[in-house]
Amino acid sequence: MIDNILLIVIILIAFAVLIIGIFEKLNLSPVLGYLISGVFIGEHGLNLVSHSITEHFGEFGVVFLLFVIGLELSFDRLKTMRKYVFGLGTLQVLVTFFVIFIITRWIFFLSNKASVIIAGGLSLSSTAIVMQSIFEKKMQSLQVGRIAISILILQDLAVIPLLIAVPLLSNEIFSLNFLEGKFWINILIKGTLVISIIIIIRSLLRPVFKFFQPQGNENSELAIAMTFLIVLFSAWGMSYFGLSYALGGFIAGILVAETDFRKKAEHSIEPFKNLLLGLFFMSVGMQIEPHVYSKIHIIFSICILLIVVKATIITLLCVLFKFHYTTSIRSGLLLSQGGEFAFILFNMGANHNLLDPYVASILLSVITCSMALTPLLALLGNKLVESFETNMGISPLQIIEKSTRDLNNHVIIAGFGKVGKIATKVLEAEEINNYIIVEIKDYIVNKEKKDKVIFQGDISNPTFLNAIGIERASVILLTMRNEFTIKKFLKQVNNFDSLDVIIRLRDLKKSKDFYDLGANLIIPQDYEMGLQLGNAVLKYLGVSEYEITRIKKQFRSTNYLGKTSENIMNIE
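Under this note's numbering, the first residue of the sequence shown carries the number 1143, and numbering increases by one thereafter.
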């Protein structure tokens, strides 16, 4: 075994470069590559690197992974998606936990504590692999993508009690039964402590950031350094109170998500997180013992059992929430694998003598196998959906209604020409994925492309409007040029006070008519083009960005944002 620390670092980085390069070429998750490489270079393989060395680096990777996940869980986002995060997501975790606990406790005859850890770990899916699949196939705005993201968010939140539970389960006072009252009292104490820390730090964090980085000061190094300080301090604080480093990273992420530095922190920490997390997965691979491979038939059988159980539970729950059965099947298969948090929980369980190392090694192999099958399962879901929709007589209107059932405060883009496509890309750039696209047709059709579902229908038809959830929408953008259709639509939605209507017109001559019918904002195409061209000239003449922005605001407020036509300049 190599003792030179510099040579060890070179070997680890060399394997990381090789793995990322190969697996990106194959369109596979690097997670699988890190696990396999850990098997090769570890003590049970070529014996190049000790597991204890990579384990310390890997712990930081887990902390930063939880931090980045926490960044995505702002309170505003949770509020927007609360029905399916806390409804569907909670049921998925609880039902899956209960079923797997029964299987491990009364079929495989494992202890209560081991069953709790196994059920908790296997009830979670792989955030890294599922999100990679969603982004690669651009499913963020598809219903299956929204369902998967909602469930993953709740699973990420479920990590908190699981991380708290493992150290408590190792305490001798819980040696008889995990359902004893003292266990839940300690859970309550620890939970109260965590919530108190979150409330205190959250109230202090924004003023501190504002003080050290006032508006107009782009001292990003200070913001990044403070972000690292918050992550590491939070991790240390949780560890000080007997909780895990990972929980501290997660809490830090949630807190930073509420500040203006969320995106900057996420982009700055991403490379460090990925590399350190890769070392964590390598350390996991090093723990897989060679004799486990002689049990490949057992590993594969348990893997198939896990996939069937989770896919069935998630599919049935989605149907219970009245999603279309094809979307339910795709969601179930997409989320049926084990996840990276199971690696963390099983390692913690083994380290606290709650889980037999041999059982942990088998389960690590099962999760790795299920992760590797995820692309195949996603493809299988798509093929099954195509087959079912071909052979089942379901009206397009029913499909549309079920496809928009989960949307609330969403954006509707009516018209998907060049203007509509650009508007869609602008929303996606800001990670706003709760939108639907409507092509104006006299008939109703549901047309799914590679990365988007486009509903075709008449937006002046009340039945079609109800199907796309017009009463729950927050904004609709009308990009078509047919003024007669726009007026018919405005008459249909005149009573929806919560709906903001944005219209694209050639010019402003008829703007008063549309404002009187209920339009909130009119964008005159020719005027806006002239304004942009004029501002481009000003930029090349050396006019400051501040002055150009001021001129834009002045022209828009006086020329075509008024509610009457009195302020409109007669350019022609």
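Don't be surprised by glycine CBs; every beta carbon is placed ideally from N, CA and C.
Could you have a look at Ile1541 and say whether DSSP puts it in helix, strand or coil?
helix
Three-state secondary structure (DSSP) of Gln1479
coil
DSSP has Ala1270 in a bridge; who is on the other side?
In the DSSP output, where bridge partners are listed per residue, Ala1270 has none listed.
Quick one: Cα of Pro1309 to Cα of Gly1491, how far?
8 Å
In three-state DSSP terms, what is Leu1647?
strand
Alpha carbon to alpha carbon, how far is Phe1353 from Leu1650? Give it in angstroms, no decimals.
45 Å
Does Asp1600 come out as helix, strand or coil in the three-state DSSP assignment?
coil
Between the CA atoms of Tyr1176 and Gln1282 - distance to the nearest angstrom
26 Å
Using alpha carbons as the reference points, say which of Glu1572, Asp1600 and Tyr1682 lies closest to Glu1214.
Glu1572
Length of the line joining the Cα atoms of Gly1481 and Ala1565
35 Å
Taking the alpha carbon of Lys1464 as the reference point, which residue from Glu1431, Leu1305, Arg1344 and Ile1289 has its own alpha carbon closest?
Ile1289
Mind checking Glu1360: buried by the 16 CB within 10 Å criterion, or exposed?
The predicted position of Glu1360 is uncertain, since its pLDDT is 47 and thus under 50; no value can be drawn from it.
Using the three-state DSSP reduction, which class does Ile1574 fall into: helix, strand or coil?
coil
Cα-Cα separation between Leu1569 and Leu1619, rounded to whole angstroms
12 Å
Quick one: is Lys1332 buried, meaning 16 or more other Cβ sit within 10 Å of its Cβ, or exposed?
buried
What did DSSP end up calling Glu1689 once you bin it into helix, strand or coil?
helix
Ile1554 and Ile1645 - do their beta-carbons sit closer together than 8 Å?
no
Below 8 Å on the Cβ atoms is my contact criterion, and I expect Val1227 with Leu1284 to pass it. Report the Cβ-Cβ distance as a whole number of Å.
Contact flag wrong, Cβ pair sits at about 17 Å.
If contacts are defined as beta-carbon pairs under 8 Å, then Met1622 and Ala1556 qualify, I think. What distance do you get, rounded to the angstrom?
6 Å
Classify Met1223 as buried or exposed, calling it buried when 16 or more other Cβ atoms lie within 10 Å of its own Cβ.
buried
Quick one: Cα of Gly1203 to Cα of Val1373, how far?
12 Å
Who pairs with Asp1718 in a beta bridge, going by DSSP?
Residue 1718 is absent from the structure shown; the chain starts at 1143 and stops at 1714.
Per the contact definition of three or more C-beta pairs closer than 8 Å, is the segment 1598-1616 in contact with the segment 1536-1546?
yes
Just tell me which of Arg1692, Lys1406, Glu1278 and Ser1338 has its CA closest to the CA of Met1368.
Lys1406
Once DSSP output is grouped into helix, strand and coil, what is the label at Glu1581?
strand
Look up Ala1399 in the DSSP assignment and say whether it is helix, strand or coil.
coil
Which partner residues does Val1553 have in the DSSP bridge list?
Tyr1577 and Val1617
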